[in-house]
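Remarks on the structure that follows.
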Amino acid sequence: MNQVMRENDSAIFKDQKKLAPTYIPRNLLHREEQIQELNKIYRPGLNNIHESYLQVVRVVGPVGSGKTCTVTWFKHIIQDIADRQQLPLKVIYVNCKSMARNPRSLYKIIYEKATGKNKQNYSREEFLTQLISHLKETKKYIFIILDDIDYLLATTENNLHDGGVVYDLSRLNELTPGEPDNVLGLILVGREGLTEYLVPCEKSSLGLLKIKLSAYDRNQLREIIARRSRIAFKTDCVSKAVLDYVADLSAGRQTNPGDCRFALDLLYFSGIKADQSLSSKITLEHVRSVYSVNLHGPSVEVFKQLGTDYHIVIWAIIHALEGAKANAYKDLHAVNDYCRAECEEKDRPPLSYSKVREIIIELDMLEVVLYKKGKGVGIAGTSLKKLKQKLKTMEKLQ
60 MNQVMRENDS AIFKDQKKLA PTYIPRNLLH REEQIQELNK IYRPGLNNIH
110 ESYLQVVRVV GPVGSGKTCT VTWFKHIIQD IADRQQLPLK VIYVNCKSMA
160 RNPRSLYKII YEKATGKNKQ NYSREEFLTQ LISHLKETKK YIFIILDDID
210 YLLATTENNL HDGGVVYDLS RLNELTPGEP DNVLGLILVG REGLTEYLVP
260 CEKSSLGLLK IKLSAYDRNQ LREIIARRSR IAFKTDCVSK AVLDYVADLS
310 AGRQTNPGDC RFALDLLYFS GIKADQSLSS KITLEHVRSV YSVNLHGPSV
360 EVFKQLGTDY HIVIWAIIHA LEGAKANAYK DLHAVNDYCR AECEEKDRPP
410 LSYSKVREII IELDMLEVVL YKKGKGVGIA GTSLKKLKQK LKTMEKLQ
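The opening position of the sequence shown corresponds to residue 60 in the working numbering, with each subsequent residue numbered one higher.
Right, dumping it as structure tokens:
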């Protein structure tokens with residue numbers, strides 16, 4: 060079966076979207092404490108918005124630990140409070156992985172969301188100065204949340220002396236020294252090691268406010284997937300034994316144990332497997348079959364967002380490594396040659412070397428491939444055969 064059947068034809072699914080990483084549940088389990096911490100930090104500023112100053116907070120944690128859900132929940136809380144109190148505040152959320160390719164594009168997005176104006180000819184610095192000018196003139200305020208900020212930092216070459224995105228945004232108050240800020244808060248969301256991409260002046264700008272999310276334990280995962288399964292699957296399609304097994308597998312992985320995205324993907328693919336076999340319920344054997352393929356790398360939702368260029372680069376890496384059986388890595392120039400051949404085969408314009416390198420760095424961030432400076436690109440945590448199977452499966456689902 061080449062495509063996922065429509066939900067109304069499915070004996071298993073009630074609403075597949077409820078298993079997507081982008082779905083934000085009404086009740087966020089096991090992250091109430093972190094949301095309360097954010098509330099304690101920023102609520103005083105809301106209560107006295109005209110005298111508030113910018114506060115920067117990092118929200119960090121491993122893959123699948125609920126970072127996006129946590130800050131999205133807090134975004135709704137902040138905006139709801141502002142609306143009820145009739146405060147001129149707008150919360151701006153930007154996913155740096157999917158929306159911003161470089162600092163200028165990020166500042167353009169923030170500017171346009173804050174002002175409602177579309178400007179193409181501003182420089183990187185002008186977007187920020189014009190943003191603050193607009194906020195001062197209109198007496199409005201913004202709150203910025205940057206999700207997957209480490210993704211942007213890793214793919215952007217910062218000036219070693221002047222810093223980059225973190226430096227620019229954490230020091231917006233210096234554009235109007237001595238005055239209260241019209242930027243109430245800045246939340247930077249990423250993995251624990253995001254500071255490794257920062258130069259010293261940026262690290263000093265961050266301050267000490269950090270909220271760390273730990274990986275979910277087995278019982279927490281079990282509770283989350285049980286609640287999600289009730290709204291994603293039809294009645295009696297998922298047994299307690301299946302939920303227990305999925306929680307055990309997800310919590311016991313050697314790589315990223317406790318990854319909730321992995322658990323949801325495992326449930327999702329098991330449901331697809333059950334539908335394909337015309338079963339009326341998900342069995343343990345369906346879960347075993349899906350798990351044996353090794354759900355390596357990004358989630359279904361991430362793969363859907365990658366696009367054709369990324370698939371071309373992944374195939375090029377696979378073919379390059381297949382031709383270098385004695386080496387764990389292949390240099391980027393060789394991969395670029397394979398990309399050129401892939402583009403010709405698919406009748407697409409060739410990708411530039413810089414574009415191929417940029418995509419490889421992004422794929423490394425997503426844990427699809429392993430990129431080492433001076434060595435090249437390789438594969439970690441799976442075999443070439445299994446990665447090919449995963450890629451083919453994903454392409455069929457699109």
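Glycine is no exception: its CB is placed at the ideal position from the N, C-alpha and C atoms.
Check whether residue i and residue j have beta carbons under 9 Å apart
i, j, result
"residue 43", "residue 117", "Nothing can be reported for residue 43: it is not among the residues displayed for the chain, which extend from 60 to 457."
"residue 427", "residue 391", "no"
"residue 165", "residue 211", "yes"
"residue 246", "residue 87", "no"
"residue 325", "residue 305", "yes"
"residue 341", "residue 438", "no"
"residue 140", "residue 90", "no"
"residue 460", "residue 234", "With the chain covering 60 to 457 only, the question about residue 460 has no answer from this structure."
"residue 300", "residue 343", "yes"
"residue 119", "residue 272", "yes"
"residue 123", "residue 114", "no"
"residue 250", "residue 121", "yes"
"residue 137", "residue 148", "yes"
"residue 227", "residue 156", "no"
Pairwise C-alpha distance: residue j and residue i
i, j, result
"residue 367", "residue 229", "35 Å"
"residue 175", "residue 215", "27 Å"
"residue 262", "residue 225", "8 Å"
"residue 321", "residue 421", "19 Å"
"residue 333", "residue 327", "10 Å"
"residue 131", "residue 125", "10 Å"
"residue 154", "residue 283", "24 Å"
"residue 204", "residue 294", "38 Å"
"residue 219", "residue 337", "Note on residue 219: pLDDT 43, under 50, position unreliable in the model; no value is reported."
"residue 217", "residue 92", "Below a pLDDT of 50, predicted positions are generally treated as unreliable, and residue 217, at 48, falls in that range; the measurement from the model is reported next regardless. Between residue 217 and residue 92, the C-alpha separation is close to 34 Å."
"residue 85", "residue 288", "14 Å"
Among the options, nearest to residue i - alpha-carbon criterion
i, options, result
"residue 323", "344, 225, 349", "349"
"residue 196", "241, 169, 184", "241"
"residue 339", "154, 330, 284", "330"
"residue 70", "403, 405, 396, 291", "291"
"residue 78", "431, 429, 285", "285"
"residue 83", "319, 448, 415, 406", "319"
"residue 162", "454, 186, 314", "186"
"residue 314", "408, 227, 94, 274", "274"
"residue 158", "404, 168, 150", "168"
"residue 28", "288, 147, 100, 280", "Given a span of 60 to 457 for the chain in the structure shown, any question on residue 28 remains unanswerable."
"residue 370", "397, 346, 85", "397"
"residue 111", "199, 152, 188, 382", "199"
Residue i: first and last residue of the uninterrupted beta strand (DSSP E) it sits in
i, result
"residue 55", "This structure cannot settle anything about residue 55, because the visible part of the chain is limited to 60 through 457."
"residue 270", "269-271"
"residue 366", "Counting along the chain, residue 366 falls outside any beta strand (DSSP E), and DSSP gives it neither H nor E."
"residue 299", "From DSSP, residue 299 is part of no beta strand (DSSP E) but of the alpha helix (DSSP H) over 299-310."
"residue 71", "Residue 71 -> no beta strand (DSSP E), and no H or E assigned at all."
Extent of the continuous alpha helix (DSSP H) to which residue i belongs
i, result
"residue 350", "343-351"
"residue 152", "Run containing residue 152: none in the alpha helix (DSSP H); it sits in the beta strand (DSSP E), 148-154."
"residue 82", "Careful: residue 82 lies outside any alpha helix (DSSP H) and carries neither H nor E."
"residue 324", "319-335"
"residue 279", "277-291"
Exercise for review: Indicate whether the contact test is met: 3 or more Cβ pairs, each with one atom in the region 168-182 and one in the region 131-140, closer than 8 Å.
Suggested key: no
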